[in-house]
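> Here it is: the structure, laid out below.
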Amino acid sequence: QPDFSPGYCWPFQGTETEVLIRLPVQIQPMAITLQHTSSTAAPPGIRGSAPRDFSVYGLDEEGKDKTLLGTFTYAMQEELTQTFPLQLGIPGAFRFLQLDIRSNWGKPRYTCIYRVQVHG
């Protein structure tokens with residue numbers, strides 16, 4: 001059972017990062033879900049570590065060719081768990097996805113992700 005308590009996250013230094021996700025098998029991804037902690041459970045300032053603007057790429061087996069699957073904004077004022085539909089009609093399947101986080105909601109020292117899910 002995942003723990004979404006404040007501080008039990010996947011932390012990254014700064015406001016920008018790239019995360020490479022290796023899937024167990026090749027899939028044609030349909031959506032990606034991000035989750036952050038509850039604003040009611042978190043002490044002041046923790047919510048600012050939530051990712052804000054991000055992009056998702058599919059990578060070939062060698063990791064050389066990247067295909068943009070979508071660019072999104074995690075809306076901190078909405079639900080904790082947010083699902084973003086990826087571009088449909090992309091030919092082929094991917095074993096690797098790259099999550100590029102470009103900003104967070106105001107915490108300059110770190111960005112936290114509590115859960116990432118890939119749907120395909």
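For the sequence shown, full-length UniProt numbering begins at 1 and goes up steadily by one. Note that the Cβ used here is the ideal one computed from N, Cα and C, for glycine as well.
Closer than 7 Å by C-beta to residue 149: which residues in its own chain qualify, once you throw out the five before and the five after it? Chain order, please.
Because residue 149 is not part of the residues shown, which for the chain are 1 to 120, the question remains open.
> Let's see if you can read the secondary structure: which residues bound the beta strand (DSSP E) around C112?
Counting along the chain, the beta strand (DSSP E) containing C112 begins and ends at Y110 to I113.
> Could you give the distance in angstroms between the alpha-carbon of Q20 and the alpha-carbon of R95?
The question names Gln, but residue 20 in the sequence shown is Leu. Computed Cα separation, rounded: 10 Å.
> What runs of the beta strand (DSSP E), each 3 residues or longer, lie entirely inside the segment 16 to 79?
As far as the segment 16 to 79 is concerned, its whole beta strand (DSSP E) runs of at least 3 residues are 17 to 27, 31 to 35, 53 to 59 and 66 to 73.
> C112 and A50 - do their beta-carbons sit closer together than 8 Å?
yes
> Using C-beta distances below 6 Å, list every residue in its chain close to S55, excluding the 5 sequence neighbours before and after it, in chain order.
Around S55, the same chain offers T71 and D100 as residues with beta carbons nearer than 6 Å, after the five sequence neighbours per side are excluded.
> Do you know how far the Cα of V25 is from the Cα of T15?
30 Å
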